[in-house]
Amino acid sequence: MGDLISQIVILTQTRLAQRLSYSEELEGMILEVKALPGLGTTIDVILVNGTLHEGDTIIVPGIDGPIVTQIRALLTPQPLKELRIKSQYINHKEIKGAQGVKIAAKDLEKALAGIPLLVAQREDEVEHCKAQVSKFLSDVLKSIHLSDRGVYVQASTLGSLEALLEFLKVSKIPYAGVNIGPVHKKDVMKCSIMLEHDVQYAVILAFDVKIEREAQELADNLGVTIFSADIIYHLFDKFTNYREEQKRKKREEFRSVAVFPCKLRILPQHVYNTRSPIVVGVSIESGVLKEGTPVCVPSKNFIDIGVVTGIEANHKSLEEARKGMEVCIKIESTGDAPKLYGRHFDYTDLIVSKISRTSIDAVKDYFREDLQKSDWQLMIELKKLFQIM
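Just so we're aligned: the sequence shown equals residues 236 to 624 in my numbering.
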């Protein structure tokens, strides 16, 4: 172990010396933006390399674009005190890296954290620095892989945004848009696009950011939902609960549209009523039969028999019957000319659920987990039978 430590020390002092050595080129990262009594809005910065001077012109990233301002004060906490803890600060004329420093300056209210700051040594460098800051933020946001459909994510800093996106990725929650800073009307407008595609994703997840009043009012008018929290898990819980509620509403809305695949055989010894409502015993050959399922006879030019309005077994009502079960069903006619058992069809005919493109889409979107693998195979078989594209 001693030899290993010795080897690490040698490598550090030789091959890594240049990487560990101090550089005069300024390198600093904004950690936090906060307002303090008597100082106004300040930024906490980790100065890695270079030197900051009181009066320097700095360029920091902002919500509405780069902010150009001058350093009014360079502050550090008292010895043995942390920068984030309230205490009397020591004022400096200059600060040399590497250390943390609080910068007081004008117009920092809309500054963004988690992004580097730059110093313009001359006036003609300002525009170049502004372009660099804008490009850095733009490149970072463009590098994030977005989905065609998903939530809109807003965070206070670049670091918190990356943390939230990683959590959403692991949780398999897609995101179609991201931004840093408070939620504004423009963010709501971007998110509202999802109202045309998938309502469950017309949601803004605001992590540790302020929601502007006008943005909230616009969201309420458009139907965009904004969830705000300072803890990622709370934000996740709010969204998952919302999505489950939306899913429940959609299931109720499309319950009458969705048609589940099934094949039935009439049991000739259990024919109780031959005209509407037809009451017969059937054996479920495959698939799942549910109340509300329209049924037809393919061998008789796909004639519509009606809709299954009741399922019973052992004198008990059932909501569904699956493959292998023998149940009694009631079929009510939906047309002007009811079909009769024995005249239009009989026990030798196979009865199937009457599916359509619309019903298949409804099952796929809102009832997918209700079907087993064999049910999907039957759905494909019926799709070919009905020649549905």
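Every residue, glycine too, gets a C-beta built ideally from N, C-alpha and C. Every value quoted in this text rests on a predicted model; they were computed, and no experiment measured them.
Using beta-carbon positions only, say whether Val-523 and Asp-584 come within less than 7 angstroms of one another. no
Compare the Cα-Cα distances from Ile-546 to each of Ile-540, Asp-539, Glu-554 and report the closest residue. Nearest C-alpha to Ile-546: Glu-554.
Tell me the residue span of the alpha helix (DSSP H) that contains Gly-651. This structure cannot settle anything about residue 651, because the visible part of the chain is limited to 236 through 624.
Identity of the residues DSSP links to Val-388 by a beta bridge: Val-413, Leu-440
From Lys-619 to Gly-385, what distance separates their C-alpha atoms? Straight-line spacing of the CA atoms in Lys-619 and Gly-385 works out to 33 angstroms.
Just to confirm the assignment, what range does the beta strand (DSSP E) spanning Ser-588 have? It spans 585 to 588 - the beta strand (DSSP E) in which Ser-588 sits, taken as one unbroken run.
Buried versus exposed call for Asn-536 [16 or more other C-beta atoms within 10 Å across all chains shown]: Flag for Asn-536 reads exposed.
So, is His-419 buried or exposed, given that buried needs 16 or more other C-beta atoms within 10 angstroms? Buried.
What distance in whole Å lies between the Cβ atoms of Ser-588 and Thr-544, which are believed to be in contact at a cut-off of 8 angstroms? Actually they are not in contact, since the Cβ atoms of Thr-544 and Ser-588 sit about 14 angstroms apart, beyond 8 angstroms.
Identify which residue in Thr-292, Arg-478, Gly-285 has its Cα closest to the Cα of Ile-330. Nearest option by C-alpha distance: Gly-285.
Can you give me the C-alpha to C-alpha distance between Ile-428 and Asn-456, rounded to a whole angstrom? Looking at the two C-alpha atoms, the distance is approximately 14 angstroms.
Runs of 4 residues minimum, wholly inside the region 557 to 608: which ones carry the alpha helix (DSSP H) assignment? 592 to 601
So, Val-336 versus Leu-309, is the Cβ gap smaller than 7 angstroms? yes
Does the distance from the C-beta atom of Ile-298 to that of Gly-416 stay below 7 angstroms? Cβ atoms of Ile-298 and Gly-416: closer than 7 angstroms.
What are the start and end residues of the alpha helix (DSSP H) that includes Gln-481? 467 to 489
Ser-369 to Leu-287 span [Cα, whole Å]: Rounded to whole angstroms, Ser-369 to Leu-287 spans 21 angstroms at the Cα level.
Compute the Euclidean distance between the alpha carbons of Ser-382 and Leu-266, then round it to the nearest angstrom. 29 angstroms
Can you check which of these residues, Ser-463, Ile-338, Leu-396, is closest to Glu-446 by C-alpha distance? Position check: residue 446 holds Ile in this sequence, whereas Glu was assumed. Nearest of Ser-463, Ile-338, Leu-396 to Ile-446, Cα basis: Ser-463.
Spatial neighbours of Ser-391 within its chain, please: CB distance less than 6 angstroms, with the 5 preceding and 5 following residues excluded, ordered by chain position. Within the same chain, Ser-391 has close Cβ partners Asp-443, Val-444.
If Phe-621 and Ile-590 are in contact, beta carbons under 8 angstroms, what's the gap, nearest whole angstrom? 6 angstroms
Helix, strand or coil for Val-361? Go by DSSP, reduced to three states. helix
Does at least one heavy atom of the ligand NAP sit under 6 angstroms from the Cβ of Asn-284? Ligands in the displayed structure: none, and consequently the ligand NAP is not present.
With DSSP collapsed to three states, give me the class of Ser-552. strand
Could you give the DSSP three-state label for Arg-250: helix, strand or coil? In this structure, Arg-250 counts as coil in the three-state DSSP scheme.
Assigned secondary structure, Asp-188 (DSSP; H/G/I helix, E/B strand, else coil): Lying before the first or after the last residue shown, residue 188 is absent from the chain, which here runs from 236 to 624.
Could you give the distance in angstroms between the alpha-carbon of Arg-510 and the alpha-carbon of Lys-498? 21 angstroms
Under the three-state DSSP convention, the category Gly-394 falls into: helix
Burial state of Ala-437 (16 or more Cβ within 10 Å): buried
Which residue comes first and which comes last in the alpha helix (DSSP H) that contains Glu-431? Counting along the chain, Glu-431 falls outside any alpha helix (DSSP H), and DSSP gives it neither H nor E.
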